[in-house]
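Q: What follows is a single structure, and I will ask about it in a moment.
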Ligand code: AMP
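In the working numbering, the protein residues as written are 3 to 217.
Laid out in structure tokens, this is it:
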């Protein structure tokens, strides 16, 4: 099963991804997480992505497509995967489709699930977001405050604010989403693969709606 989790930054893709990967037994492939892990390790890939990420703009398509093609060729992803944060442009979606079609036997995505959340809500969510450097778990300064010692209760990692969660960068990321990623909604709708779920409400409610939509 190959599922794409589509939605603006802050829609709750990372939060929902955990439950989905557990339920369907597929790996979570989050391009943003892969870039951040590479940046933390100081790899050439991480350093190349850093400038784009800091500004909230997109890393060039060729680089991301190569990265995802490599990841999808690994044994654990042959049975499927949950794509989170990819594709983000129509060119990436076309490259993904072509990559899957040339596999033997040919593959294709099962569904593209859009998590819809209005921009005002996203700004509120993202400015208060705090995440664990180790496992990616997230908190919110108002809605679910992190532990006072800023240590993740699950893995002991440091809880921090992502550099790209400042208000200025958030506004840029939302503009980039509307200009470059939103066209994918119509693209996947035309392919008959789009499922839309509201990302508003408690994470458990959203999770139920996603399970229902995916069947
Ligand atoms: P995310 O964690 O998904 O919000 O991604 C953080 C940043 O990584 C984005 O703002 C982009 O700079 C970069 N990034 C992640 N995924 C992609 C992608 N599919 N295409 C281009 N850039 C990406």
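We put the beta carbon where it would ideally sit given N, CA and C, even for glycine.
Bridge partners of residue 115, per DSSP?
A: Residue 115 pairs with 7 and 197.
Q: Can you grab the Cα-Cα spacing for the pair residue 167 / residue 86, in whole Å?
A: Roughly 18 Å between the two C-alpha positions.
Q: Which whole-angstrom value is the C-beta distance of residue 56 and residue 165, which I expect to be below 8 Å?
A: Confirmed, Cβ separation roughly 6 Å.
Q: Give a yes or no on contact between the region 196-210 and the region 92-108, applying the rule of three or more CB pairs nearer than 8 Å.
A: No, they do not touch.
Q: Hey, how far is the Cα of residue 134 from the Cα of residue 43?
A: Using only the alpha carbons, I get a separation of about 16 Å.
Q: Does the structure place the region 49-64 close enough to the region 112-122 that three or more beta carbon pairs sit under 8 Å?
A: No contact exists between the region 112-122 and the region 49-64.
Q: Does the separation of the CB atoms of residue 124 and residue 176 fall below 8 Å?
A: Yes. Within cutoff.
Q: I want to check one thing, is the minimum distance from the CB of residue 46 to the heavy atoms of the ligand AMP below 7 Å?
A: Not under cutoff, so the answer is no.
Q: With a floor of 4 residues, list each alpha helix (DSSP H) that falls wholly inside the region 85-157, ordered by position along the chain.
A: Listed in chain order, the complete alpha helix (DSSP H) runs (minimum 4 residues) inside the region 85-157 are 92-103 and 121-129.
Q: In terms of residue numbering, what span does the alpha helix (DSSP H) encompassing residue 39 cover?
A: Segment 33-43, the alpha helix (DSSP H) holding residue 39.
Q: Go ahead and pull the three-state DSSP assignment for residue 172.
A: Helix, per DSSP.
Q: Taking all protein chains shown into account, do 16 or more other C-beta atoms lie within 10 angstroms of the C-beta of residue 150, making it buried, or fewer, making it exposed?
A: It counts as exposed.
Q: Less than 6 Å between C-beta atoms, sequence neighbours within five positions excluded: which residues of the same chain meet that for residue 71?
A: Only 101 meet the Cβ criterion.
Q: If I follow the unbroken alpha helix (DSSP H) through residue 53, where does it start and stop?
A: Unbroken alpha helix (DSSP H) run through residue 53: 46-57.
Q: What's the C-alpha gap between residue 8 and residue 94?
A: C-alpha separation (whole angstroms): 13 Å.
Q: What span of residues does the alpha helix (DSSP H) with residue 208 cover, start to end?
A: Here the alpha helix (DSSP H) through residue 208 covers 205-216.
Q: Straight-line CA distance for residue 67 to residue 140?
A: So the alpha carbons of these two residues sit roughly 27 Å apart.
Q: Give every residue of the same chain whose Cβ lies closer than 7 Å to the Cβ of residue 178, excluding the five residues on either side of it in the sequence, and list them in chain order.
A: Once the five neighbours on either side are set aside, the close Cβ partners of residue 178 are 58, 59 and 60.
Q: Would you check whether the ligand AMP has a heavy atom nearer than 7 Å to the C-beta of residue 101?
A: Because no heavy atom of the ligand AMP lies under 7 Å away, the Cβ of residue 101 does not count as near it: no.
Q: Spatial neighbours of residue 88 within its chain, please: C-beta separation below 6 Å, excluding the five flanking residues on both sides.
A: The answer, listed in chain order, is 33 and 70.
Q: Going by CA-CA distance only, name the one from 79, 148, 171 and 47 that's closest to residue 132.
A: Residue 148 is the option with its Cα nearest to residue 132.
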